[in-house]
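Q: Next up is a structure, given as structure tokens.
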Amino acid sequence: MDTKTIRNSLKLFTVFFRIGVFTFGGGYAMIPYIQREIVDKNKWIESEEIIDIFAIVQSVPGVIAVNSSTFVGYRVAGLAGAVAATLGVVLPSYIIIAVIAIFLYNFKDYPFVNEAFRGIQAGVAALMCHAVYRLGKSSVKNAYGLVLALAAFLALTVFGASAILVLLTAGVLGLVAMAVRSIKTRDKKGR
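Take the sequence shown: its position 114, counting from 1, is numbered 114 in this note's numbering, and each next residue is one higher.
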């Protein structure tokens, strides 16, 4: 393993460890942090590409944070980066749960803990709204994209459709739209 790979793997570990430590609420709450660290701060991946990564990792089995860290780690530093980023994002949760299990058996019975988690849940909801806003802003580029995004949202929230089915349908509709644009472009050139 070369020096650059080792250096990038260590950086990936520390970045994803920080994400794992300071994010409550699971994978969706981590999206804004991942985007800020990976795209804005470290510039490892472009803004448009991170949206594709989030789409891919949501459509495969597993936890979004783990899948995202593995995917990004691999893109930045190969297998070593994937392992480092994955360990970085998983280790904080493991440590916290182990400490709670060992020292605070009746953790949930403390009223201040319950109130703190209520506040954290409200903050997580805000983080998720922020992530939706940022991702929507960079991925919905026209009226067709907006209609598709709203239809997908309704299918998921109102009708309880499967996320995989919604993603596959959106992908097929995107391909259809591309084919229609291509035919129109070819027809205009043929005139």
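All residues carry an ideal CB built from backbone N, CA and C; glycine is no exception.
Mark residue 35 as exposed unless 16 or more other C-beta atoms lie within 10 angstroms of its C-beta, in which case mark it buried.
A: buried
Q: Look at residue 61 and residue 131 and say whether their C-beta atoms are less than 8 Å apart.
A: no
Q: Following the continuous alpha helix (DSSP H) through residue 139, name the residue where it begins and the one where it ends.
A: For residue 139, the enclosing alpha helix (DSSP H) has its first and last residue at 111-139.
Q: Taking the alpha carbon of residue 136 as the point to measure from, which residue in 10, 4, 54, 21 has its own alpha carbon closest?
A: 54
Q: Beta carbon of residue 20, beta carbon of residue 90: below 8 Å?
A: yes
Q: Go to residue 61, then tell me how far its alpha helix (DSSP H) extends in each direction, as first and last residue.
A: Taken as a continuous stretch (DSSP letters only), residue 61 belongs to no alpha helix (DSSP H), as it is neither H nor E.
Q: Would residue 39 and residue 88 be called neighbours here (beta carbons separated by less than 8 Å)?
A: no
Q: When you compare each of 73, 148, 145, 52 to residue 86 by their alpha carbons, which one comes out closest?
A: 73
Q: CB-CB under 6 Å to residue 47, same chain, minus the five flanking residues each way: which ones, in chain order?
A: 39, 138
Q: Given residue 69, which residues of its chain have a CB within under 6 Å of its CB, disregarding the five upstream and five downstream residues?
A: 16, 85, 86, 89
Q: Can you tell me where the alpha helix (DSSP H) with residue 39 in it begins and where it stops?
A: Run containing residue 39: none; DSSP gives neither H nor E here.
Q: Following the continuous alpha helix (DSSP H) through residue 17, name the residue where it begins and the one where it ends.
A: 3-22
Q: Can you grab the Cα-Cα spacing for the pair residue 75 / residue 82, in whole Å?
A: Linking residue 75 to residue 82 through their CA atoms gives a straight-line distance of about 8 Å.
Q: Report buried or exposed for residue 98, applying the criterion of at least 16 other Cβ atoms within 10 angstroms of its Cβ.
A: exposed
Q: State yes or no: is the C-beta of residue 116 within less than 8 Å of the C-beta of residue 12?
A: Their beta carbons are not under 8 Å apart, which means residue 116 does not touch residue 12 by this criterion.
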